[in-house]
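Q:
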Amino acid sequence: EIMPSLVGSEMCIRDRYTMLLTFVISLPFLFLPNFVMSSLFGEVFEVAGPILLVLSITNIVNTFFGPVAQVMNMTKHQLVFQNITIMTVVINVILNIILIEKYGALGCSISTLISIFTLNIATTLFIKKTYNRSFFAFSK
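Numbering of the sequence shown is given in this note's numbering, commencing with residue 1 and proceeding in unit increments.
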């Protein structure tokens with residue numbers, strides 16, 4: 001069985017470090033997004049600060065769930081993962097159609113956040129149901 005080798009303490013420790021490192025690197029993007037954008041790209045891009053903030057949150061959320069996509073592929077559930085991904089793409093397209101019209105690029109970043117969260121939740125629920133295991137960065 002492949003799953004016991006995937007749930008070793010090394011993986012949990014590595015996931016925690018990855019989550020913490022991602023969070024630390026994201027701090028300036030979370031608390032000073034307008035400053036970061038204007039400092040790196042000029043004052044014209046300061047208005048993109050909220051987009052950077054949402055995409056930073058998206059990255060943190062994605063990291064928090066751990067390597068769920070890799071686990072699905074390594075445990076021969078790639079077709080289930082493919083179906084979850086297709087469902088998520090459809091959700092993303094629908095949300096983009098709705099949100100971009102109203103909020104522009106910020107709507108697109110919000111759509112991405114919701115889609116990545118949905119993908120991770122669905123995949124985590126499948127892994128939990130199938131193996132009674134989660135890969136949250138801070139789960140035991």
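We treat Cβ as the ideally placed atom computed from N, Cα and C, and that holds for glycine.
Have a look at T112 and G66 and give me their C-alpha separation to the nearest angstrom.
A: The sequence position of residue 112 within the sequence shown is 112, counting from 1. The sequence position of residue 66 within the sequence shown is 66, counting from 1. Between T112 and G66, the C-alpha separation is close to 18 Å.
Q: If you draw a straight line from the alpha carbon of P33 to that of K129, how long is it in whole angstroms?
A: Within the sequence shown, residue 33 is the residue found at index 33, counting from 1. Within the sequence shown, residue 129 is the residue found at index 129, counting from 1. Approximately 38 Å between the Cα atoms of the pair.
Q: Measuring only the C-alpha atoms, how far is Q82 from T88?
A: Indexing the sequence shown from 1 puts residue 82 at position 82. Indexing the sequence shown from 1 puts residue 88 at position 88. Spanning the two alpha carbons is a distance of roughly 10 Å.
Q: Put R14 into one of helix, strand or coil per three-state DSSP.
A: To locate residue 14, count along the sequence shown from 1; it is residue 14. Looking at R14 - three-state DSSP - the assignment turns out to be helix.
Q: Where do the ends of the alpha helix (DSSP H) carrying P33 lie?
A: As a position in the sequence shown, residue 33 is number 33, starting the count at 1. Here the alpha helix (DSSP H) through P33 covers P33 to F41.
Q: Roughly how many angstroms lie between the CA atoms of A48 and M37, to the nearest whole one?
A: Position 48 of the sequence shown, counted from the first residue, corresponds to residue 48. Position 37 of the sequence shown, counted from the first residue, corresponds to residue 37. A48 and M37: Cα-Cα distance of roughly 7 Å.
Q: Return helix, strand or coil for K102, following the three-state DSSP convention.
A: The residue you call residue 102 lines up with position 102 of the sequence shown. Helix.
Q: Is L40 buried or exposed, if buried means 16 or more other CB atoms sit within 10 Å of its CB?
A: Along the sequence shown, one-based indexing puts residue 40 at 40. Flag for L40 reads exposed.
Q: Less than 6 Å between C-beta atoms, sequence neighbours within five positions excluded: which residues of the same chain meet that for E1?
A: Within the sequence shown, the letter at position 1 stands for residue 1. Residue placement at E1 is flagged as unreliable, the pLDDT there being 47, under the threshold of 50; the coordinate-derived value follows with that caveat. Cβ neighbours of E1 beyond the five flanking positions: none.
Q: Measuring straight from C-alpha to C-alpha, what distance separates A105 and I121?
A: Here residue 105 refers to the residue found at position 105 when the sequence shown is read from its first residue. Here residue 121 refers to the residue found at position 121 when the sequence shown is read from its first residue. Near 24 Å, if we compare the C-alpha coordinates of I121 and A105.
Q: For T58, I'd like the list of residues in its chain whose CB is within less than 6 Å of its CB, leaving aside the five on either flank, ordered along the chain.
A: The residue labelled residue 58 in the question sits at position 58 within the sequence shown. If we look at T58 and ignore the five residues flanking it on each side, its Cβ neighbours are T112, L113 and I116.
Q: Skipping 5 residues on each side, what residues in its chain have a beta carbon closer than 8 Å to that of V142?
A: Because the chain is modelled from 1 through 140, residue 142 falls outside the range shown and cannot be assessed.
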